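So the structure is just underneath, and the comments pick up after that.
In full-length UniProt numbering, the protein residues as written are 1 to 136.
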């Protein structure tokens, strides 16, 4: 189960004819995302396993998951924006029920990211899932 915001990205991607347009769209998603407050870029929010610097700051309010994030790489910041649309606004149980690999596959991301980027994406998803699982 993906959020309505993620379904909008899926619809957007259906209009792009080639991967370069999709790649640019991911980067644009990152550019549109507000930067993470510098005070939140601490070791506890840093995600290991990413080639670039990545920070995810989760918040859970009334059982609803939300996170903000940032990266020093534009494509990674775009991937964070996509993940925010996938997960933000879901309940903790819904977060755990999301098959992120399948959802990213709907965007073609599984086939077009480098091995390093794929590992980083996997590390971000694991951090999100671990955070939700710890609160259930």
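Heads up, the beta-carbon is just placed ideally off N, CA and C, and yes, glycines get one too. Keep in mind that this is a model prediction, so the values were computed, not measured.
Residue i in three-state terms, based on DSSP
i	result
residue 71	strand
residue 85	helix
residue 45	coil
residue 54	strand
residue 65	strand
Test: residue i CB closer than 9 Å to a CB of chain B
i	result
residue 9	Going by chain labels, chain B is absent from the structure shown, which holds only one protein chain.
7 Å Cβ shell around residue i - same chain, five flanking residues per side excluded
i	result
residue 49	119, 120, 123
residue 12	25
residue 7	none
Residues near residue i in its chain [Cβ-Cβ closer than 6 Å; skip 5 each side]
i	result
residue 59	66
residue 40	57
residue 81	29, 30, 33
Residue i classed as buried or exposed, judged by whether at least 16 other C-beta atoms fall within 10 angstroms
i	result
residue 17	exposed
residue 71	buried
residue 51	exposed
residue 29	buried
residue 93	exposed
residue 98	buried
residue 134	exposed
residue 115	exposed
residue 10	exposed
Nearest-angstrom Cβ-Cβ length linking residue i and residue j, presumed shorter than 8 Å
i	j	result
residue 85	residue 5	4 Å
residue 110	residue 101	7 Å
residue 68	residue 36	5 Å
residue 91	residue 63	5 Å
residue 27	residue 104	Residue 27 to residue 104, Cβ: 16 Å. No contact.
residue 54	residue 76	6 Å
Cβ-based neighbour list, residue i, same chain, cut-off 8 Å, excluding 5 preceding and 5 following
i	result
residue 95	65, 87, 128, 129, 132
Extent of the continuous alpha helix (DSSP H) run through residue i
i	result
residue 124	115–135
residue 16	Per DSSP, residue 16 belongs to no alpha helix (DSSP H) and is neither H nor E.
residue 105	100–106
residue 94	92–97
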